[in-house]
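What follows is a single structure, written as structure tokens, with notes after it.
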Amino acid sequence: DAKTTQPPSMDCAEGRAANLPCNHSTISGNEYVYWYRQIHSQGPQYIIHGLKNNETNEMASLIITEDRKSSTLILPHATLRDTAVYYCIVRVGQGAQKLVFGQGTRLTINP
Amino acid sequence: NAGVTQTPKFRILKIGQSMTLQCTQDMNHNYMYWYRQDPGMGLKLIYYSVGAGITDKGEVPNGYNVSRSTTEDFPLRLELAAPSQTSVYFCASSLTGFGAFFGQGTRLTVV
Chain A
1 DAKTTQPPSM DCAEGRAANL PCNHSTISGN EYVYWYRQIH SQGPQYIIHG
51 LKNNETNEMA SLIITEDRKS STLILPHATL RDTAVYYCIV RVGQGAQKLV
101 FGQGTRLTIN P
Chain B
112 NAGVTQTPKF RILKIGQSMT LQCTQDMNHN YMYWYRQDPG MGLKLIYYSV
162 GAGITDKGEV PNGYNVSRST TEDFPLRLEL AAPSQTSVYF CASSLTGFGA
212 FFGQGTRLTV V
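Spelled out as structure tokens, the structure:
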């Protein structure tokens, strides 16, 4: 699976959009981009994933660049409850095996 | 629908004791995973399974054993507990190509 690079920490004001970047310059054509988050000491939570088209669900939007070398997770109206560590993971969609987490981005939402 | 259930939630072990951390899922997921998370650190993959009867090592398998006799259950065995195994353990499951669901964790202290 391709490696990802994320900033170690970010801050965002409550009510504003939080944009979390992820670089995956060695991504292969059959690899998907997945996002998870971990709030304090809870189990990680799946957010969204995509291959090459932008994706949106009730939690967030995922924007993948045309060359697929980077992506951005967007939380449109961040709340204090969105304070968490966010992980960007790249893995093959079919036949994927290991699910390995990197260091992620610690997002702090400020009132 | 219970999702991923881990038992126990908390446990204190003495050095050299053995125990089994239980994990069960009711979503008919083929993939299951075990992670450990030390205080202030990221998740490390211990073992994973792609289906009943099939298991493989992750990043930090030493000191642990697993089995997967059914689709639903994926127990993690600690044979000779050591203080270095003090950690929070998370179990997760997923279907091929989809996001993983995590349990709420087992907090283990070895004294």
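Chains A and B, in that order, are what the protein sequence lines are. First residue of the first sequence? That's 1 in the working numbering, and the numbers climb one at a time after it. First residue of the second sequence? That's 112 in the working numbering, and the numbers climb one at a time after it. Beta carbons are placed, not taken as given, at the ideal position from N, Cα and C, and that holds for glycine.
Expressed to the nearest angstrom, what Euclidean distance is found between the alpha-carbon atoms of residue i and residue j?
i	j	result
Pro7/A	Arg179/B	37 Å
Gly210/B	Val221/B	32 Å
Lys168/B	Ser204/B	16 Å
Ser118/B	Thr131/B	According to the sequence displayed, residue 118/B carries Thr and not Ser. Straight-line Cα distance between these residues: approximately 9 Å.
Tyr175/B	Leu219/B	14 Å
Ser41/A	Val33/A	24 Å
Glu170/B	Tyr158/B	8 Å
Ser160/B	Ala193/B	25 Å
Ala60/A	Arg147/B	27 Å
Ile74/A	Asn19/A	5 Å
Lys52/A	Arg122/B	44 Å
Can you name, in chain order, every residue of its own chain whose Cβ lies under 6 Å from the Cβ of residue i, other than the five neighbours on each side?
i	result
Gly127/B	Leu191
Gly216/B	Val199 and Phe201
Pro197/B	This sequence places Thr at residue 197/B; Pro is not what is there. Here the set comprises Thr220 and Val221.
Under a CB-based cut-off of 9 Å, is residue i close to chain A?
i	result
Asp167/B	yes
Leu156/B	yes
Glu170/B	yes
Tyr142/B	yes
Write down the C-beta distance between residue i and residue j rounded to the nearest angstrom, noting that I regard them as a contact closer than 8 Å.
i	j	result
Leu187/B	Ser129/B	Wrong, their Cβ atoms sit about 12 Å apart, outside the cutoff.
Thr4/A	Gly102/A	6 Å
Ordered along the chain, which non-local residues of its own chain (more than five positions away) have a Cβ less than 8 Å from that of residue i?
i	result
Gly164/B	Arg179 and Ser180
Leu99/A	Ile89 and Arg91
Would residue i pass as an interface residue toward chain B - the criterion being a Cβ-Cβ separation below 9 Å?
i	result
Ile48/A	yes
Leu99/A	yes
Tyr32/A	yes
Query raised in the report: Looking at chain A, which residues of the region 191-215 of chain B have a Cβ within less than 9 Å of any of its Cβ atoms?
Result: Within the region 191-215 of chain B, the residues whose Cβ lies closer than 9 Å to some Cβ of chain A are Val199, Phe201, Cys202, Ala203, Ser205, Thr207, Gly208, Phe209, Gly210, Ala211, Phe212, Phe213, Gly214 and Gln215, listed in chain order.
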